[in-house]
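What follows is a short report on a single structure.
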Amino acid sequence: MLGISIKGQVGIVTGAGSAYGIGRSMVIALAQAGAKAIYACDLNLGGIASLQDVVKSLGLECIVEGRQLDVASEEQTVAILKEILKCHGRFDFFIANAGYAVYRSLETLNQEHFMRAVEVMQKGPYLSVKYGSQAMMVTSAEKPKPSGSIIITSSCAAFAGAYADLAYTAVKKACNGIVESGSVQLSASNIRVNGIGPGCTKSSILTSSQLAERGEAYQLEASDEEIAKTHAKFFERGGLFNDQQKYYNRTAEPDEIAYLAAFLTSDMAAAINGQIILADSGKTVAATGEGFTGPVTAVSPMNFA
Ligand SMILES: NC(=O)c1ccc[n+]([C@@H]2O[C@H](COP(=O)([O-])OP(=O)(O)OC[C@H]3O[C@@H](n4cnc5c(N)ncnc54)[C@H](O)[C@@H]3O)[C@@H](O)[C@H]2O)c1
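Here's what the structure looks like:
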């Protein structure tokens, strides 16, 4: 059977502290793929205990460590990488996934908002490439050759202007540049750099972003129901519930994005480098809906009599 394996590997997933989100699902998927230890880093560590329980309940041996981290901090990022190397003697994957999305009009968006978005969602991924790669070059008896995989969570907003506000769109587009340039800069180091562009994915992002933007440790009090209500309201506003027959109007579960991260981390994706894979169920390419094509209906089943 074909299976994704990253057996024995050690790495970081940022933005993995929320109780319902892509980072959390990435930790579970990477643990299922055989990771030995994953450092789940976030400003909000509220979901870590239950994440550890889930991994244990699946019978996985992966060690999940929660760490407080502001991804905008060079000092904190380097400190965690050094801690991992001291403890495990290896570092194999860095999933730079932390982010937030506060929707502001151009009129209300100010310089501080813009620069914080740059710090978190542009500088954060840069730090993952800059220092994650150095950690991946460390060899040991368990890992005799340098290697690694860096994955940056970009967004569908990097591919179209109407998904988000100006700051978010700009920094997610920058993520794509970091992936492309990073893959070239690390081409002599046996380290791949790829990006994932999720489309509308159910998560706590729309509930937690105002808090996350402050850059301080926080706890999210919202219940699962409140989180679901908030993203449902937002998806409705985006027109996703208008024509449910269309595949591109579906919303994704965080797991669907996480499986892609597990695949890209593994050697099964050895030929994929410097790419940003849009996982949006086809929404971006369907941007104009049926305006130009005319009605798109389901094809008729083949008559195989
Ligand atoms: N959910 C979607 O529809 C969607 C679509 C496109 C892209 N994304 C991207 O996916 C990634 C994960 O988001 P999610 O939807 O799973 O939301 P989420 O809120 O569940 O997870 C994001 C996490 O990032 C953390 N974070 C924010 N700023 C941080 C910082 N400075 N340092 C450390 N952690 C920080 C938050 O505390 C939060 O726990 C983000 O980068 C987001 O931009 C999400």
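For the sequence shown, my numbering begins at 16 and goes up steadily by one.
The beta-carbon is built from N, C-alpha and C at its ideal position, and this holds for glycine as well.
For Thr-303, no pairing in a beta bridge is given by DSSP.
Nearest Cα to Ala-284 within the set Ile-53, Val-208, Glu-240: Val-208.
Cα atoms of Gln-67 and Ala-44: separation of roughly 13 Å, rounded to the nearest angstrom. Annotation for Pro-161 indicates a beta carbon at 7 Å or more from all heavy atoms of ligand 1. Taken through DSSP and simplified to helix, strand or coil, Gly-197 comes out as helix. In the structure shown, Ile-37 adopts helical secondary structure according to DSSP, grouped into three states. DSSP places Gly-30 outside any alpha helix (DSSP H), giving it a letter other than H or E. Counting along the chain, no beta strand (DSSP E) covers Phe-278; the unbroken alpha helix (DSSP H) around it starts and ends at 269-280.
Excluding its 5 nearest sequence neighbours in each direction, Gln-91 has C-beta neighbours in its own chain below 7 Å: Leu-84, Asp-85, listed in chain order. With contacts defined by Cβ atoms closer than 8 Å, Ala-177 and Lys-187 do not form a contacting pair.
At least one heavy atom of ligand 1 falls within 7 Å of the beta-carbon of Asn-112.
Cβ atoms of Thr-216 and Pro-269 come within 8 Å of each other, at about 6 Å.
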